[in-house]
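Inspection log for the structure reproduced underneath, given as structure tokens.
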Amino acid sequence: MTHTAALPASAGQNGTPEANQSGARVNKDAFAEAKDFLPLDGLDHVEFWVGNARQASAYLRALWGFTPIAYSGLETGVRDRASYVMQQHDIRIVLTAPLTPDGEIAEHVREHGDGVRDIAFAVQDVDSAWRETTGRGARSAMEPVAIDGGEDGTLRRSAVWTYGDVRHSFIDRRDYRGAFAPSYRKVKKPAAAAGGLSLLEIDHCVGNVALGEMDTFVDYYRDVFGFAQLIHYDDTVIHTDFSALMSKVMTNGTGRVKFPINEPAPGKKKSQIQEFLDWYRAPGVQHMALRTDDIVGTVRALRDNGVEFLGMPHAYYESLADRVGDVGVPIQTLEELGIEADRDEEGYLLQIFSRPIQDRPTFFFEIIERHGSRGFGVGNFKALFEAIEVEQARRGNL
Ligand code: FE2
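Numbering (the working numbering), first residue to last: 1 to 398.
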């Protein structure tokens with residue numbers, strides 16, 4: 001964590017991002033501008049609320065290479081929900097489904113379909129995290145509690161709300177030795193996960209918010225969480241002939257937690273962000289990027305397993321070498337697998353986007369391999385959005 005307590009209170013607002021060639025403005029001082037009143041040890045886990053957690057866990061295991069490590073449900077004394085904890089390297093995803101027709105989980109699934117409920121942070125002090133954030137205007141979702149796990153120790157947690165029905169939990173598991181959390185049991189003999197994948201950590205989580213709300217949540221992450229703005233893409237950057245969006249990227253002081261915030265922008269037809277909002281029926285998490293050190297092998301395995309990705313047109317690859325130079329993978333291989341490449345002044349990145357992973361056109365995964373670049377592939381946005389619009393049109397949602 002950077003220590004910037006000596007900076008004036010206005011420092012976070014004064015770092016004027018500078019424009020680069022692509023029109024994205026990168027704020028090189030962002031990490032120094034972030035405040036340290038809320039030390040975060042990265043993401044503890046991301047929890048989805050889904051209609052059928054057993055089947056969702058099989059999907060993440062058999063297609064995406066996640067191993068089930070813990071379970072909670074009727075057999076562990078929990079009567080209203082079943083949860084599966086899925087792990088791959090530093091990525092931990094919890095899938096929770098309701099066991100009863102009423103209650104917050106069933107209502108959430110009825111309203112939103114499957115989606116992200118909680119982006120949980122690992123912290124050392126859940127009381128301080130809750131006090132600092134609620135004291136700065138966050139709405140409390142759970143006052144600090146110490147959950148007794150018997151001989152496994154104690155798990156501490158608290159939570160606050162962010163956009164839509166999404167919340168941020170604060171988790172301190174340093175005094176807890178059991179499987180994930182009290183009421184969970186370890187999965188002793190997990191079924192084999194798909195092989196050949198290398199998904200290492202969550203690179204960023206993207207929130208879609210309503211028209212006019214992007215700056216509200218940019219301010220929220222700055223004022224309540226002490227984050228700083230890393231990049232600003234304006235609507236003159238991210239547009240096609242038909243639709244547009246605006247996006248700003250917030251980061252904490254270590255750069256380990258990065259949250260782009262999108263809002264729809266007016267265009268001739270419907271923004272992909274508006275399509276998400278219409279079908280999720282609220283602001284929510286649009287995608288999570290999973291970082292890999294082997295995007296070629298990982299995407300090949302994912303495709304073999306039946307994961308579907310957005311397609312890019314041949315024309316995109318014809319001009320790619322001129323735009324990005326050598327990216328360590330033959331252009332032919334990138335085209336074969338549908339992987340995109342982008343370069344900025346710091347380096348390059350390779351990325352690909354899955355189709356939505358549930359029936360509603362809402363949440364999807366991104367796979368990203370970084371070589372120096374800390375950006376988000378702005379050079380790909382136009383071609384990417386045109387590819388998304390082809391699919392939106394197929395769904396009757398453009
Ligand atoms: Fe992304």
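All C-beta atoms, glycine included, are put in the ideal place defined by N, C-alpha and C.
The beta carbons of A129 and S158 sit about 7 Å from each other, so the pair counts as a contact at 8 Å. For I331, the uninterrupted alpha helix (DSSP H) run begins and ends at 331-337, by DSSP. Nearest Cα to I352 within the set G338, E345, A321, A70: G338. Counting the other CB atoms within 10 Å of its CB gives R139 a total below 16, which places it among the exposed residues. Judged by their CB atoms, S243 and K270 are nearer to each other than the 8 Å cut-off. At least one heavy atom of ligand 1 lies closer than 7 Å to the C-beta of H287.
DSSP places N208 inside the beta strand (DSSP E), whose first and last residues are 199-208. Residue ranges of uninterrupted alpha helix (DSSP H) with 4 or more members, entirely inside the stretch 61-135 and ordered along the chain, are 104-112, 126-135. Look at L320 here: in three-state DSSP terms it is helix. Straight across, the Cα-Cα distance linking A34 with L74 is about 43 Å. The Cβ-Cβ distance between I368 and L199 does not fall below 8 Å.
Counting only residues of its own chain and dropping the five nearest sequence neighbours on each side, V224 has a CB closer than 6 Å to the CB of T133, R136, G137, A138. If you compare the alpha carbons of D342, Y84, A53, R54 with that of R185, the shortest gap goes to Y84.
For F309, the Cβ stays outside the 7 Å cut-off from all heavy atoms of ligand 1. Each residue's CA atom was taken as its position, placing M312 and G77 some 48 Å apart. Counting only the Cα atoms, E151 lies some 45 Å from F309. DSSP places S243 outside both helix and strand once states are collapsed to three, so it counts as coil.
Ligand 1 has a heavy atom closer than 7 Å to the beta-carbon of E366. Rounded to whole angstroms, the Cβ separation of Y317 and L334 is 7 Å, and the two are in contact under 8 Å. Contact annotation: I105 and H45 have beta-carbon atoms that are not nearer than 8 Å. Proximity of the stretch 294-304 to the stretch 205-219 falls short of the contact definition, fewer than three beta-carbon pairs being nearer than 8 Å. For D278, the enclosing alpha helix (DSSP H) has its first and last residue at 272-280.
Taking the C-beta atoms as reference points, K258 is found nearer than 8 Å to L230. Of the heavy atoms belonging to ligand 1, none sits nearer than 7 Å to the Cβ of V160. A282 is positioned such that its CB atom lies no closer than 8 Å to that of D127. In this structure, H239 has its CB at a distance of at least 7 Å from all heavy atoms of ligand 1. CA-to-CA, the gap between L302 and G65 works out to about 9 Å.
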